[in-house]
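Numbering (the numbering used here), first residue to last: -8 to 198. Backbone N, C-alpha and C fix where the C-beta goes; we use that ideal spot for every residue, glycine too. Okay, structure first, notes after.
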């Protein structure tokens, strides 16, 4: 179990507790004293998206909001977020974001990724992040790319899946906007770069 203290921003300075346990996630996201926490059990967690939303002033960016969304089987999302302005405590806030993301992977999402790895190894068909994985190829938007022809390009806030032979066959996924894009890119990386699956954990999953 790890516990984190989150201060959301200038207009919400209350210290809120986030607990990430091997069996549940608990976050103090409410303001009623008799009901402060939302609790999500591990077996309810099915998705994640996260990233940095930059806050723009009149002429330039003045701050950023770190956002993490945890999706449950019911389709609801729990939002964990905090802001900073004018780079105040930038290193501290970015480290907090990285630590939370890494712990979420350690406790929940490495297992979910490994489940998809196993399904791929078993030649099962499944959908992840809007990409349909078949025996010999992936499929999206009525297009197919064989695994041997598959490539990705990664950028700060998104990545692009494309065919090496026909780059007009492509699809972009945004880490913050698209559910499970961060899991999808991990799975695709393993397929492309390794040729076989690995199960070791990556030390830092933050963006």
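At a cut-off of 3 residues, the continuous stretches assigned as beta strand (DSSP E) that sit fully inside the segment 85 to 172 are 117 to 119, 122 to 124, 128 to 131, 134 to 137, 141 to 145, 149 to 154 and 161 to 165.
Excluding five sequence positions before and after residue 119, the CB atoms of its chain that fall closer than 8 Å to its own CB belong to 107, 171, 174, 175 and 178, given in chain order.
Counting along the chain, residue 1 sits inside no beta strand (DSSP E), nor does DSSP assign it H or E at all.
Residue environment: residue 41 is assigned as buried (16 or more neighbouring CB atoms within 10 Å of its CB, all protein chains considered). Taking residue -5 as reference, the option from 69, 38 and 84 with the minimal CA-CA separation is 84.
By the C-beta criterion, the segment 0 to 7 is judged not to be in contact with the segment 129 to 137, since fewer than 3 inter-stretch pairs fall below 8 Å. Of the candidates 19, 105 and 45, 19 places its Cα closest to the Cα of residue 7.
In the DSSP assignment, the residues bridged to residue -6 are 10. Taking the Cα of residue 39 as reference, the smallest distance to any Cα among 91, 86 and 156 is reached at 91. Rounded to the nearest whole angstrom, the CA to CA distance from residue 105 to residue 185 is 15 Å.
With contacts defined by Cβ atoms closer than 7 Å, residue 74 and residue 54 form a contacting pair.
Looking from the CA of residue 195, the closest CA among 94, 165 and 141 belongs to 94. Bridge partners of residue 39 according to DSSP: 61. Across the set -2, 14, 45 and -1, the C-alpha of 14 shows the shortest separation from the C-alpha of residue 102. Residue 99 places its beta carbon less than 7 Å from that of residue 36.
In this structure residue 72 touches residue -1 by the C-beta definition: roughly 7 Å separates them, less than 8 Å. Minimum Cα-Cα distance from residue 146 among the listed residues 182, 198 and 111 corresponds to 198. When secondary structure is reduced to three states using DSSP, residue 26 falls in the strand class. Under the 10 Å beta carbon count, residue 124 is surrounded by 16 or more other beta carbons and is classified as buried.
DSSP places residue 81 in the helix class (H, G or I) of the three-state scheme.
According to DSSP, residue 46 shares a beta bridge with 54.
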